[in-house]
Amino acid sequence: MTTTQKKDKKITIITATWTEDEMGQRIPEWEPLHSAENIWAYYRQASADEFFGAAAIKYKVEAIFKIRWRNDIDTTMKVRFRGIDYGITRIDDFEGNKQDLVIYAYVIK
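Numbering-wise (the numbering used here), the sequence shown opens with residue 551 and increments by one.
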């Protein structure tokens, strides 16, 4: 039996724009990516197998988001969900079908 992964949560993809402070240091300002604010997503916490499997290859996975396919998201961006920012560790386009993207992410503390 298959389960339907209903995209019933709202997330925002945020990207950095860089400014300089008075000492010339670059500072990121995070703002929503164009047309990526309040997009529908499926969300779930990573399973123990996914969590430990990711750790074995040196990246963090605490949450998994699935959204409709788009080509303007990369691992320098973040996902904002329920007021919490998640760093993106990996993006999977599921065999290049251009239907969905699976975003693997971790909570930024």
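Built from N, CA and C at the ideal position, the CB exists for glycine as well.
Have a look at the DSSP bridge pairing and note the partners of residue i.
i, result
"Leu651", "Ile617"
"Phe631", "Ile634"
"Asp571", "According to DSSP, which records beta bridges pairwise, Asp571 is partnered with nothing at all."
"Ala566", "Trp580"
"Val611", "According to DSSP, Val611 bridges with nothing at all."
Pull up the CB-CB distance for residue i and residue j, whole angstroms please, since I reckon it's below 8 Å.
i, j, result
"Glu581", "Thr569", "No, Glu581 and Thr569 are not in contact; Cβ-Cβ is about 11 Å, not under 8 Å."
I'd like the span of the beta strand (DSSP E) that includes residue i, first residue to last.
i, result
"Asn595", "Before going on, a small fix: residue 595 reads as Gln here, not Asn. Element bounds for Gln595: 589-595."
Have a look at residue i and residue j and give me their C-alpha separation to the nearest angstrom.
i, j, result
"Ile634", "Gln575", "26 Å"
"Arg640", "Gln649", "17 Å"
"Ala655", "Thr565", "15 Å"
"Asp643", "Ile577", "31 Å"
"Met551", "Lys557", "Here Met551 scores only 42 on pLDDT, less than 50, and its place in the model should not be relied on; the value that follows carries that caveat. Met551 and Lys557: Cα-Cα distance of roughly 19 Å."
"Lys659", "Glu579", "17 Å"
Check whether the segment 558-565 touches the segment 580-595, counting contact only when three or more Cβ pairs, one atom from each stretch, lie closer than 8 Å.
The segment 558-565 vs the segment 580-595: in contact.
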